[in-house]
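Heads up, the sequence shown is in the working numbering, so the first residue is 2 and it goes up one at a time.
Remarks on the structure that follows.
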Amino acid sequence: MRHDSGKPNRLSDPAVPVDVFRVPMALGANREGVDQGATTLDNALRRRLETRGYTQILGRLQPSVDIPVTPLGPDRGDEPNAWYANEIAAACATLAGGVAETVGAGRFALLLGGDHALAVGSLAGAGVAGRLGVIWVDAHADINTPETSPSGNVHGMPLAAALGQGPRQLAAVGSQSGLRLDDLIYIAVRDLDPGERELLADGPALVWTADDVEIRGIAEIVTASVDRLLANGIDALHLSFDLDALDPTVMPGTGTRVPGGLTYREATRLLALLRRSGLPIVSADVVELNPLLDPSGGSTAVAAAIAGALLGETIL
């Protein structure tokens, strides 16, 4: 059993700069408010790190780069059941270029959303590092195509695009990831559409449901996931954290809430274990914060804490 890839884990290396990309994407969710999540989360994260004295982590964060994204409008485009596909593909192509430059230069890419459609671009950019593993922490599988999607919302399709499936303009960007299905691991899934269930039922992706987390525990799941990816011989890992992976009692300010999700402690423990793993983590997303759905600011505070845990906040 291997415990180290032999390649650097940029996430845990305090000398590696963190390039921050803010992606105000609402097109994939087709919902107002989630576009505000990127700047809201970035500001809350930096404020949290400063007030809590995490000067080393704060010092790693580079000035934020804003990715231009077309705002929501009445014209959803002419791609059947893949709304705003052209606009999403254009924004993700720009994002992919930025992430590829960051990863290619040996830095770490942190993507703040915005909805999960942005992962079409983050995965494509991370693919510059070679064979890419993906850990997808989410209530949903996000591997629909227009043929299987009940809604036509592209934030449910980024992994299909990364596998070269779905609308051609999205697949043209996403497939730059070079992702293979056996290098994909889900954690905390609990709401699959019928087409996704059929695709994932017999592998080769590794699917840990929310029930698995409760029964087996997060530490065992992380260990098994790390072993799987190291055995596969990945060159780099992208970690994608959708805030709807959290239980709605913890994270009400997200658009596709599903009961039975991760506790706050499970989520922060998951991130701490991945940071200490031998995986060569080069990039990460934190997505789907919608501040309009929780005007109290509680969800923003939790999202900032999740991002802080990702970057290395510790109790002691």
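Idealized CB from N, CA, C, for every residue including glycine.
Source: prediction; values computed, not measured.
For SER241: DSSP bridge partner residues: Translated into the one-based positions of the sequence shown, residue 241 becomes position 240. DSSP output for SER241 lists TRP137, ASP286 as bridge partner(s).
Going by DSSP, name the residue or residues bridged to VAL21. On the sequence shown, position 20 is the one that residue 21 refers to. For VAL21, which the question treats as bridged, DSSP gives the partners LEU111.
Does DSSP put GLY313 in a helix, a strand or coil? Position 312 of the sequence shown, counting from 1, holds the residue named residue 313. In the structure shown, GLY313 adopts coil according to DSSP, grouped into three states.
Meets three-Cβ-pair contact criterion under 8 Å: the region 271-284 and the region 6-21: They touch, by the three-pair rule.
Under 6 Å Cβ to Cβ from LEU274, same chain only, skipping five residues before and after it: list those, please. Looking up residue 274 in the sequence shown gives position 273. So the list reads VAL223, once near-sequence residues are dropped.
If you draw a straight line from the alpha carbon of ARG3 to that of ASN233, how long is it in whole angstroms? Against the sequence shown, residue 3 aligns to sequence position 2. Against the sequence shown, residue 233 aligns to sequence position 232. With a pLDDT of 48 at ARG3, under the threshold of 50, the modelled position of that residue is not reliable, and the figure given next carries that caveat. Going by the C-alpha atoms only, they are around 10 Å apart.
Taking Cβ positions, are ILE186 and VAL214 nearer each other than 9 Å? Mapped onto the sequence shown, residue 186 falls at position 185. Mapped onto the sequence shown, residue 214 falls at position 213. Cβ atoms of ILE186 and VAL214: not closer than 9 Å.
Measure how close the beta-carbons of LEU244 and VAL288 come, nearest whole angstrom, since I'm counting them as under 8 Å. Taking the sequence shown and counting its residues from 1, one reaches residue 244 at position 243. Taking the sequence shown and counting its residues from 1, one reaches residue 288 at position 287. About 7 Å; that satisfies the 8 Å criterion.
Measure the alpha-carbon distance for PRO72 versus ASN31 and round it to whole angstroms. Position 71 of the sequence shown, counted from the first residue, corresponds to residue 72. Position 30 of the sequence shown, counted from the first residue, corresponds to residue 31. Between PRO72 and ASN31, the C-alpha separation is close to 10 Å.
In chain order, what residues of the same chain lie with their CB nearer than 6 Å to the CB of ALA94, ignoring the 5 residues before and after it? To locate residue 94, count along the sequence shown from 1; it is residue 93. Hits under 6 Å: VAL174.
In chain order, what are the residue ranges of uninterrupted alpha helix (DSSP H) at least 4 long that sit wholly in the region 164-235? 169-175, 195-201, 211-217, 219-233
Beta-carbon proximity list for SER65, same chain, < 7 Å, skipping 5 on both sides: Position 64 of the sequence shown, counting from 1, holds the residue named residue 65. Here the set comprises VAL21, ARG23, ASP43.
Below 8 Å on the Cβ atoms is my guess for THR41 versus PRO249; work out the distance and round it to an integer in Å. Counting from 1 along the sequence shown, the entry for residue 41 is found at position 40. Counting from 1 along the sequence shown, the entry for residue 249 is found at position 248. At roughly 19 Å, the Cβ-Cβ gap does not stay under 8 Å, so THR41 and PRO249 are not in contact.
Hey, would you say the C-beta of PRO205 is under 8 Å away from at least one heavy atom of the ligand GDP? The model on display carries no ligand, and the ligand GDP is accordingly not part of it.
Going straight from the alpha carbon of PRO15 to that of LEU59, what length do you get? The count along the sequence shown starts at 1 and reaches residue 15 at position 14. The count along the sequence shown starts at 1 and reaches residue 59 at position 58. Taking the straight line joining both Cα atoms gives about 10 Å.
From the DSSP output, in three-state form, read off LEU247 for me. Your numbering for residue 247 matches position 246 in the sequence shown. Judged by DSSP in its simplified three-state form, LEU247 adopts strand.
Whose C-alpha, out of ALA127, GLU197, GLY114, is nearest the C-alpha of THR149? What you label residue 149 is simply residue 148 of the sequence shown in a count that begins at 1. Among ALA127, GLU197, GLY114, the Cα nearest to that of THR149 belongs to GLU197.
Can you name the start and end residues of the alpha helix (DSSP H) that VAL100 belongs to? Translated into the one-based positions of the sequence shown, residue 100 becomes position 99. From DSSP, the alpha helix (DSSP H) with VAL100 extends over 86-105.
Considering only C-alpha positions, which residue in the set ASP139, ALA83, ALA101 is nearest to TRP209? Residue numbering aside, residue 209 sits at position 208 when the sequence shown is read from its first letter. When the alpha-carbon of TRP209 is set against those of ASP139, ALA83, ALA101, the nearest one is in ASP139.
Contact between the region 151-161 and the region 102-109 is defined here as three or more beta-carbon pairs at a separation below 8 Å; is this criterion met? no
Where does ARG3 sit, in a helix, a strand or coil, going by DSSP? On the sequence shown, position 2 is the one that residue 3 refers to. With a pLDDT of only 48 at ARG3, under 50, the local geometry of the prediction cannot be trusted, and the value read off the model is given with reservation. Correct three-state label for ARG3: coil.
Terminal residues of the continuous alpha helix (DSSP H) containing ASN44? On the sequence shown, position 43 is the one that residue 44 refers to. Residues 38-52.
Verify whether the separation of the beta carbon atoms of PRO147 and ASN87 is less than 9 Å. Your numbering for residue 147 matches position 146 in the sequence shown. Your numbering for residue 87 matches position 86 in the sequence shown. No.
In angstroms with no decimal places, state the Cα-to-Cα distance between LEU164 and ILE316. If you number the sequence shown from 1, residue 164 lands on position 163. If you number the sequence shown from 1, residue 316 lands on position 315. Taking the straight line joining both Cα atoms gives about 39 Å.
SER123 - containing alpha helix (DSSP H), residue span: As a first step, residue 123 must be located in the sequence shown, where it is residue number 122. 120-127 is the extent of the alpha helix (DSSP H) around SER123.
Please state whether DSSP places LEU62 in a helix, a strand or coil. Walking along the sequence shown from the start, residue 62 turns up at place 61. LEU62: strand per DSSP, three-state reduction.
At the level of alpha carbons, what is the spacing between GLN170 and GLN177? The residue you call residue 170 lines up with position 169 of the sequence shown. The residue you call residue 177 lines up with position 176 of the sequence shown. Spanning the two alpha carbons is a distance of roughly 12 Å.
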